Amino acid sequence: MKILNPPTVWTVPEQFRTIYTHALETPAGRTLFVSGQFGVAPDGKMHSDFPEQLGQAMDNVEALLSAAGMELKDVAKTTFFLTRATDLPALGQARRARWASDTPAAVTVIVVAALARPDALIEVEVTAVRP
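Using our numbering, you'd call the opening residue of the sequence shown number 70 and step up by one each time.
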């Protein structure tokens, strides 16, 4: 995959370069679309706080990638839906700790009024491409 941060678009600050790119070009190959993942554990229980929900949602995404024979490096696009803007710093910390990369996926973060599950604080959706 090739990251695209041309000088004709605003410069990505250094501290965000491992978790953000303006665009990502992918080669032809297999594509995996991962539906939005909540912080629901394999036993069906939703974690109660944001860090636990986010961690579980990330675990779920990683498990689905693995089931498809893919890895985090294959993720081309990630969308995070949060119900509270106050959780943005925790999201950034978790992304840096677990999903930082020299070729980060394109990313969108959206703060919404609510998610499909009333107890959900975060939902994570990814698209992965394996050449």
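Ideal Cβ positions, reconstructed from N, Cα and C, are used throughout, including at glycine. Only a predicted model underlies this, so the values are computations on that prediction, with no experimental measurement involved.
Query raised in the report: Thinking C-beta only, is residue 183 closer than 8 Å to residue 152?
Result: Here residue 152 corresponds to residue number 83 of the sequence shown, with the count starting at 1. Here residue 183 corresponds to residue number 114 of the sequence shown, with the count starting at 1. It is a contact, given that the beta carbons lie within the stated cut-off.
Query - Limits of the unbroken alpha helix (DSSP H) element including residue 166 - result: The residue you call residue 166 lines up with position 97 of the sequence shown. Residues 157 to 167.
Query raised in the report: For residue 107, which three-state DSSP category applies?
Result: As a position in the sequence shown, residue 107 is number 38, starting the count at 1. DSSP places residue 107 in coil when its eight states are reduced to three.
Query - DSSP-derived helix/strand/coil call for residue 114 - result: Taking the sequence shown and counting its residues from 1, the one referred to as residue 114 is at position 45. In this structure, residue 114 counts as coil in the three-state DSSP scheme.
**Report entry** Whole-angstrom distance between residue 100 and residue 121, CA atom to CA atom
**Finding:** Here the question's residue 121 lines up with position 52 in the sequence shown. Here the question's residue 100 lines up with position 31 in the sequence shown. Their backbone Cα atoms lie some 28 Å apart in a straight line.
Requested in this report: Would you mind sorting residue 30 into buried or exposed? The rule is 16 or more other CB atoms within 10 Å of its CB.
Outcome: As displayed, the chain neither begins before 70 nor continues past 200, which places residue 30 out of reach and without an answer.
Requested in this report: Compute the Euclidean distance between the alpha carbons of residue 116 and residue 107, then round it to the nearest angstrom.
Outcome: Stepping through the sequence shown from its first residue, residue 116 is reached at position 47. Stepping through the sequence shown from its first residue, residue 107 is reached at position 38. Residue 116 and residue 107: Cα-Cα distance of roughly 9 Å.
Report task. Tell me residue 175's beta-bridge partners as DSSP assigns them. Result -> To locate residue 175, count along the sequence shown from 1; it is residue 106. In the DSSP output, where bridge partners are listed per residue, residue 175 has 146.
Report task. Can you tell me which of the three DSSP states residue 198 falls into? Result -> To locate residue 198, count along the sequence shown from 1; it is residue 129. Strand at residue 198.
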